[in-house]
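Note sheet for the following structure.
Chains as they are written, first to last, in this note's numbering: chain X, 407 to 714; chain H, 104 to 422.
So this is what it looks like as structure tokens:
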């Protein structure tokens, strides 16, 4: 009896100890969540594989060589003339275009996300932490940017901006993307500003900057990771969609969207599936894997928040 | 109630003004002027400059903006550079097509999403729910245009069930035949489009049902001895369905945003296709008018969803 009591006691002590000790870092929690679920583990390996193939493969290619036109070899079929996935109308090797296009599309998705996360995080922190007047001004601006017709404006700007290139495209997409990110962080930080740890830190004289970046920010690392994962997938979607209708990456830069755009011609859909099918499948796999990981993390994050 | 609506409409006015100014700036950034494409090469350059002066193209920007705004209120959006017809009539033709496609898409979206959401919420974590969740995840994850391309390939080419381009078949004659042909051309794009837009409604409805299931009022109803079916249909469902109505407004926004892609894939002659055609023809007056229209419609969509929300949920009315 007494022994049982004791073990119970030690158990509760152990439990409280665990609660007192620092929570595991955001990255470790996230990694654990990915590893726990069989499908997201698979999705993770698929993503790593795609990264290795597209980025690794592109290392051996030069843009000039890949996009060089060779009319004599145009529209070679699967495996013809040493082209594993055939060639397009300009005799360019589809496999090379696929590797380079995949890399470009992923890189653009990552770059846009990097910008929108940094901007969105800072604006969300400031807006949510200060609240009141600053918050309502910022939110008015966010509201306004969100009602702007995003796609038409980006498309018009791609045709009017001088020296348009991949970097400008990243900026154009980011110009609209930061709003939803800052809204996402703001709502969470609003709920944190009244918490004891923030108030305690304020009373002990920490500067606002220190509280925002050293105390509130570490609390949302796993939220940031979830948002990054889902936003990357979304941004890859936006870039490829723009390239698909012909107003994304400049025509000299390969993109998955441009390759899928071959399917706009009914002749290609039936007779030349090698032009568009590999890129479609690759984009499909990329979107499904990244989103699966993002969703799994999101579910885990929601569950943790409900426990608190 | 009316105060809320009025207030919400008043908020829209500055938004509209800023929007119109942005569109004006965008229009000024675009190359070309009303004479582009109309100028006779034999015309004296001095005369062109004189004509431009007469039209006020050298006036200060605020003056030009005010004039543009006044014209706008008179329904004058200028002449299309390329088609040489007033932009308003050009857009009106296409807007009708987009309207019908959007209407069919909206109907299909709700017809598909509401039962899916109800089944998923009712059978939470059972196989029905899991199936719907997987479907939902796929339509959420796949970029729209990839979904459309695969849909066209499967239903248009491999199975050959639906036409793949245009809005009406050239051989259709007589009122009903034309209507039938139009409908037939819209079914596949509308179906694919609506499958993509169901995601948020299904998710929202499911969460609503799952959350309402454990509310106190449901427990009260059950303990009073209300049959389970009645509890679900009359209590839970009614409370979960209401917020879905507010999605009507945001659906407009989604449809406009997606119209460009779907109309481009299906070569459907609507506003999105007109926009893409105008950009490749560098028809800047039409582009400006379309961007303005897209912006205004989005604003109206948001207004609608806020108003619907404040009608059905008095808690969120602004004091």
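Note that CB positions come from ideal geometry on N, CA and C, so glycine has one too.
As an exercise, report each continuous alpha helix (DSSP H) stretch of at least 4 residues that is fully enclosed by the segment 604 to 680 of chain X, in chain order.
627 to 650, 662 to 666, 672 to 677
Contacts of residue 240 of chain H in chain X (Cβ-Cβ under 9 Å):
694, 697, 698, 701
Give me the Cα-Cα distance between residue 155 of chain H and residue 205 of chain H, rounded to the nearest whole angstrom.
41 Å
Comparing the C-beta of residue 618 of chain X with each C-beta of chain H, is any distance below 8 Å?
no
What residues in the segment 536 to 553 of chain X bring their beta carbon closer than 7 Å to a beta carbon of chain H?
550, 553
For residue 110 of chain H versus residue 410 of chain H, is the C-beta spacing smaller than 8 Å?
no
CB-CB under 8 Å to residue 566 of chain X, same chain, minus the five flanking residues each way: which ones, in chain order?
none
Can you name the start and end residues of the alpha helix (DSSP H) that residue 278 of chain H belongs to?
278 to 316
Should residue 386 of chain H go down as buried or exposed, given a rule of 16 or more other Cβ atoms within 10 Å for buried?
buried
Scan the segment 376 to 409 of chain H for residues whose Cβ lies nearer than 7 Å to a Cβ of chain X and list them as they occur along the chain.
378, 379, 382, 390, 393, 394, 397, 398, 401, 402, 405
Less than 8 Å between C-beta atoms, sequence neighbours within five positions excluded: which residues of the same chain meet that for residue 331 of chain H?
325
Could you spell out where the alpha helix (DSSP H) holding residue 161 of chain H opens and where it closes?
Counting along the chain, residue 161 of chain H falls outside any alpha helix (DSSP H), and DSSP gives it neither H nor E.
List the residues that DSSP assigns as beta-bridge partners of residue 189 of chain H.
H:182
Quick one: is residue 462 of chain H near chain X, going by C-beta distance under 8 Å?
Outside the displayed span of chain H (104 to 422) sits residue 462 of chain H, for which this structure offers no information.
For residue 427 of chain X, I'd like the list of residues in its chain whose CB is within less than 7 Å of its CB, leaving aside the five on either flank, ordered along the chain.
With a pLDDT of 47 at residue 427 of chain X, under the threshold of 50, the predicted position of this residue should be treated as unreliable, though the coordinate-derived value follows. Around residue 427 of chain X: no qualifying Cβ.
Compute the beta-carbon to beta-carbon distance between residue 307 of chain H and residue 701 of chain X, rounded to the nearest angstrom, for a pair I have assumed lies under 8 Å.
That pair is no contact at about 16 Å.
Could you check whether the segment 252 to 272 of chain H touches the segment 291 to 301 of chain H, counting it as contact only if at least three pairs of C-beta atoms, one from each stretch, sit closer than 8 Å?
yes
Going by beta carbon distance, what residues of the same chain come within less than 6 Å of residue 336 of chain H, once the five residues before and after it are set aside?
none
So, helix, strand or coil for residue 427 of chain X, using DSSP?
Confidence at residue 427 of chain X is low in this model, with a pLDDT of 47, below 50, so the placement of that residue is unreliable and no value is reported for it.
DSSP state of residue 494 of chain X, grouped into three classes?
coil
If we define contact as Cβ-Cβ less than 8 Å, is residue 646 of chain X a contact residue for chain H?
yes
I need the boundaries of the alpha helix (DSSP H) containing residue 232 of chain H, first residue and last residue.
230 to 244
Among residues of its own chain, excluding the 5 on either side of residue 296 of chain H, which ones have a beta-carbon nearer than 7 Å to its beta-carbon?
208, 361, 365
Contact set for residue 190 of chain H: own chain, Cβ-Cβ below 6 Å, skip 5 residues either direction
180, 181, 183, 388, 389, 392
Measuring only the C-alpha atoms, how far is residue 698 of chain X from residue 620 of chain X?
31 Å
Cutting at 7 Å between CB atoms, please list the residues of its own chain near residue 400 of chain H, excluding the five before and the five after it.
355, 359
Judging by CA-CA distance, which residue of X:451, X:680, X:439 is the nearest neighbour of residue 695 of chain X?
X:451
State the start and end residues of the unbroken alpha helix (DSSP H) segment that holds residue 119 of chain H.
105 to 132
Name, in chain order, the residues that DSSP records as bridge partners for residue 336 of chain H.
In DSSP, residue 336 of chain H forms no bridge with anything.
Using the beta-carbon count (16 or more within 10 Å), is residue 582 of chain X buried or exposed?
buried
Paired residues, beta bridge with residue 499 of chain X - DSSP:
X:493
Can you find a CB in chain C that lies within less than 8 Å of the CB of residue 675 of chain X?
The structure shown contains no chain C; its protein chains are X and H.
Contacting residues, own chain, Cβ-Cβ under 6 Å from residue 442 of chain X (five flanking each side not counted):
none
Cα-Cα separation, residue 588 of chain X to residue 475 of chain X
44 Å
Please confirm whether any heavy atom of the ligand GTP lies closer than 7 Å to the CB of residue 346 of chain H.
With respect to the ligand GTP, the structure shown offers nothing to examine, as it has no ligands at all.
Would you verify that the beta carbon of residue 369 of chain H is, or is not, closer than 8 Å to some beta carbon of chain X?
no
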